[in-house]
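S.K.:
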Amino acid sequence: MNRAPASVWRRPTHFFAFGLGSGTVPWAPGTFGTLAAIPFYWMMADLTLGWYLGIVLVAFVVGVWLCDKTSHDLGVHDHSGIVWDEFVGYWITMAAVPFSWEAALWGFVVFRIFDVFKPWPIRWADRRVAGGFGIMIDDVMAGIYAWSTMHLWFWLH
């Protein structure tokens, strides 16, 4: 069970690392973190691809620092409530996907499948890469797998 520290509500770094508080739910915080990323995708969906990817890149770089700092402060590597990585992974999944609620839901499901099951080399990275980069990279990889799946699906239909 996820035990979110009180610092989530006092420290902006922890608040963002915990996905604007979405990672504080007691069960399935990664799922709730991914759900919380959907409205932001909706707001970014009409941006040009360059702007969209620029925002995702900044969110990744800032996320490495947020997750590293929060993990260090809590004394727990990749606390289950740290879900900023899910935000970024979902946004990668949805890059260049035309917005529709069906696509947003499909992207959610596909991303969660890759994030939970962690096919090779995602599981390898999750176990061997440390720090904020380690927290972020497995979700980035899951996002790339999910992005590939989304675009393959759209290409076939």
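Counted from 1, the sequence shown has number 111 at position 111 by UniProt numbering; the numbering is strictly sequential. Idealized CB from N, CA, C, for every residue including glycine.
1. Would you grab the beta carbon distance between Val25 and Val88 for me? Rounded to a whole angstrom, and I think it's under 8 Å.
2. Within 8 Å, do at least three Cβ pairs link the stretch 6 to 22 to the stretch 66 to 74?
3. For Leu156 and Pro5, I'd like the C-alpha separation in whole angstroms.
4. Could you check if Ala17 is buried or exposed, using at least 16 other CB atoms within 10 Å of its CB as the buried criterion?
5. Taking the Cβ atom as the reference point for each residue, do Gly30 and Ser22 lie within a distance shorter than 7 Å?
6. Inspect the beta-carbon positions of Trp147 and Ala95 and report whether they are closer than 7 Å.
7. Identify, in the order they occur along the chain, each residue of the same chain with its Cβ nearer than 7 Å to the Cβ of Thr93, setting aside the five sequence neighbours on each side.
8. Using alpha carbons as the reference points, say which of Ile135, Arg123, Pro121 lies closest to Gly63.
9. Along the chain, where does the alpha helix (DSSP H) containing Gly21 start, and where does it finish?
10. If you run the structure through DSSP and keep just helix, strand and coil, what is Ile82?
M.R.: This is what the structure holds:
1. Between Val88 and Val25 the Cβ distance is about 19 Å, and since that is not below 8 Å, they are no contact.
2. Result yes; three or more Cβ-Cβ pairs closer than 8 Å.
3. Going from the Cα of Leu156 to the Cα of Pro5 covers about 45 Å.
4. Result: buried.
5. Between Gly30 and Ser22, the CB-CB gap reaches or exceeds 7 Å.
6. The answer is yes: Cβ separation under 7 Å.
7. Around Thr93: Gly107, Val110, Phe111, Gly143, Ala146, Trp147, Met150.
8. Of Ile135, Arg123, Pro121, the smallest CA-CA separation from Gly63 is found for Ile135.
9. Note, Gly21: premise wrong, no alpha helix (DSSP H); not H, not E.
10. Three-state result, Ile82: coil.
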